[in-house]
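One structure is given below, encoded as structure tokens.
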Amino acid sequence: MISSARYSLPAIALHWLMVVLLIGLFTLGLYMHDLPLSPDKLKLYSWHKWAGVTAFILALLRLAWRLGNRPPPLPAAMPRWQKAASHGMHHLFYVLMLAIPLSGWLMSSAKGFQTVYFGVLPLPDLLARDKEVGELLQTVHEYLNLTLAALVVAHVGAALKHHLFDRDDVLSRMLPFRDRA
Amino acid sequence: MNPLRLVLAALVVASGPASAREFSEFQSAKSTLHFVSRQMGVAVDGRFTKFSATLAFDPARPAAATARLEVDLASVDAGSPDADDEVVGKPWFNVERFPTASFVSTAIRPLGGDGFELIGKLTIKGKTQEVIAPFTFRQDDGNGVFDGAFVLKRLDFGVGDGVWSDVTTVANEVQIRFHIVASPTASGN
Ligand code: HEM
Ligand code: HEM
Numbered sequence: 001m002i003s004s005a006r007y008s009l010p011a012i013a014l015h016w017l018m019v020v021l022l023i024g025l026f027t028l029g030l031y032m033h034d035l036p037l038s039p040d041k042l043k044l045y046s047w048h049k050w051a052g053v054t055a056f057i058l059a060l061l062r063l064a065w066r067l068g069n070r071p072p073p074l075p076a077a078m079p080r081w082q083k084a085a086s087h088g089m090h091h092l093f094y095v096l097m098l099a100i101p102l103s104g105w106l107m108s109s110a111k112g113f114q115t116v117y118f119g120v121l122p123l124p125d126l127l128a129r130d131k132e133v134g135e136l137l138q139t140v141h142e143y144l145n146l147t148l149a150a151l152v153v154a155h156v157g158a159a160l161k162h163h164l165f166d167r168d169d170v171l172s173r174m175l176p177f178r179d180r181a
Numbered sequence: 001m002n003p004l005r006l007v008l009a010a011l012v013v014a015s016g017p018a019s020a021r022e023f024s025e026f027q028s029a030k031s032t033l034h035f036v037s038r039q040m041g042v043a044v045d046g047r048f049t050k051f052s053a054t055l056a057f058d059p060a061r062p063a064a065a066t067a068r069l070e071v072d073l074a075s076v077d078a079g080s081p082d083a084d085d086e087v088v089g090k091p092w093f094n095v096e097r098f099p100t101a102s103f104v105s106t107a108i109r110p111l112g113g114d115g116f117e118l119i120g121k122l123t124i125k126g127k128t129q130e131v132i133a134p135f136t137f138r139q140d141d142g143n144g145v146f147d148g149a150f151v152l153k154r155l156d157f158g159v160g161d162g163v164w165s166d167v168t169t170v171a172n173e174v175q176i177r178f179h180i181v182a183s184p185t186a187s188g189n
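Protein sequences, first through last, are from chains A and B. Just so we're aligned, residue 1 is where the first sequence starts under full-length UniProt numbering, counting upward by one. Just so we're aligned, residue 1 is where the second sequence starts under full-length UniProt numbering, counting upward by one.
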């Protein structure tokens, strides 16, 4: 492959760091939700909230980096609709990476369980305690997460299609190591 | 009785110092009993919706005052439906065996100004401990209003034992905040 335009190192690092974090948060979220109440459940909820706030901070950093550093252009051979779909998808990811932790934070406030980052930094409660609002936000948090999961499946499918069928550099330019090509 | 003497007697009662009134009629709808627990270092509000008080308090004669409190532990609102179900169970209040918690005063001392100190015996889950709770007293709209707080250690009462005795998840210290409203003793008017 001649095209050597790759994502910048920070973009690659943040992408893969967040892949690990988001998949972990998603799995933990589903798992902890179904546990009976126990000290471990309380711990997992706190860890979920702390890791979720970390994801929010990383998403902000990533957004700031992305606004200052345009990604390499997509392969010229790619049909327009695919380019548009790819851009739309990436925008949606940014929206979700911010909206999901925000909904989690607001849900916690509405449920009367303040978020105290790593047990030391209290985040302000932007919403007053209100059971119904809390339940509504829990549903919002859940559906935003399901949307993210569906998009990730499509996103991974697209990446693999590029790599295995189109045999272009779309996947390799996001990988942390250079392709042999 | 001579009507003039009746009027005089009424005047004497009405003109007596306001503080010489005794407050003893517990106003359940206006009173609240809150508690603040700490879960993973985060303060979580809770309350009991059913409790009753029997009291007699004359701010001019605090030493003669008495107070009793009975709390229906099943009326707990511990912050979430999950927690409500959990906290009435065996490791916590065990309401099946111990449906109520009670407090009986042994002394009330003036601290100066509006401040007083309530000393008494608190019994939860069959275990009794002495507690000291500072409180303020004021009169509002003819009612006596008592606001006070104290901190208890839940494990002193065996509340939250077993896996829950790990105080790094749910702290041992629980703050209790009471807001009791009582109207004047009916016969004192
Ligand atoms: C990008 C970050 C996050 C992801 C991917 C994520 C993911 C999830 C998932 C998949 C669930 C399970 C949904 C359900 O079945 O109900 C969940 C639940 C939850 N999340 Fe998050 N979350 C994130 C951030 C946050 C943040 C920042 C907070 C709070 C500060 C938070 C608080 C919660 C709470 C309290 C629940 C449990 C709701 C319940 O079962 O009562 N989350 N999360
Ligand atoms: C939680 C899961 C994931 C999220 C939220 C996510 C998000 C994103 C975002 C927002 C971009 C746009 C680039 C940027 O702005 O940094 C991107 C690009 C990319 N992602 Fe992911 N991603 C995830 C998982 C994956 C996985 C598992 C793979 C591997 C199969 C992958 C492969 C790629 C590739 C190859 C690109 C570059 C696309 C291009 O060159 O236009 N992603 N991803």
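Even glycine gets a Cβ: it sits at the ideal position worked out from N, Cα and C. Small disclaimer: the values here were computed from a predicted structure and weren't measured.
Please confirm if residue i has its CB atom under 8 Å from at least one CB of chain B.
| i | result |
| --- | --- |
| Q138/A | no |
| V116/A | yes |
| G157/A | no |
| M174/A | no |
| K111/A | yes |
| S38/A | yes |
Flag residue i as yes if its beta-carbon sits less than 8 Å from any beta-carbon of chain A, otherwise no.
| i | result |
| --- | --- |
| T169/B | yes |
| Q39/B | yes |
| V44/B | yes |
| D77/B | no |
| V86/B | Reading the sequence as shown, one finds Glu at residue 86/B and not Val. Closer than 8 Å: yes. |
| S52/B | no |
| W92/B | no |
| S105/B | no |
| S80/B | yes |
| A83/B | yes |
| D166/B | yes |
| V36/B | no |
Sorry if obvious, but does the Cβ on residue i come closer than 7 Å to a heavy atom of ligand 1?
| i | result |
| --- | --- |
| A83/B | no |
| M97/A | yes |
| A110/A | no |
| V153/A | no |
| I119/B | no |
| K43/A | no |
| F26/A | yes |
| I57/A | no |
| I132/B | no |
| T147/A | no |
| Q114/A | no |
| L30/A | yes |
| K49/A | yes |
| G119/A | no |
Report yes if the C-beta of residue i is less than 7 Å from at least one heavy atom of ligand 2; otherwise report no.
| i | result |
| --- | --- |
| V170/A | yes |
| R167/A | no |
| F93/A | yes |
| R47/B | no |
| S165/B | no |
Length-filtered (3 minimum) beta strand (DSSP E) runs lying within the segment 68-141 of chain A: none
Determine, using beta-carbon pairs with one atom in the segment 97-109 of chain B and one in the segment 166-176 of chain A, whether at least three such pairs fall under 8 Å. no
Decide yes or no for the touch test of the segment 36-51 of chain B against the segment 75-86 of chain B: beta carbon pairs closer than 8 Å, at least 3 of them. yes
Can you list, in chain order, the stretches of the beta strand (DSSP E) that have 3 or more residues and sit fully within the segment 111-188 of chain B? 115-124, 127-140, 143-153 and 173-184
Per the contact definition of three or more C-beta pairs closer than 8 Å, is the segment 20-36 of chain A in contact with the segment 72-79 of chain A? no
Would you check if there are 3 or more beta carbon pairs closer than 8 Å linking the segment 30-38 of chain A to the segment 97-114 of chain A? Not touching, per the Cβ criterion.
Does the segment 51-64 of chain B come close enough to the segment 79-98 of chain B to have 3 or more Cβ pairs within less than 8 Å? no
Does the count of Cβ pairs from the segment 56-63 of chain A and the segment 79-89 of chain A closer than 8 Å reach three? no
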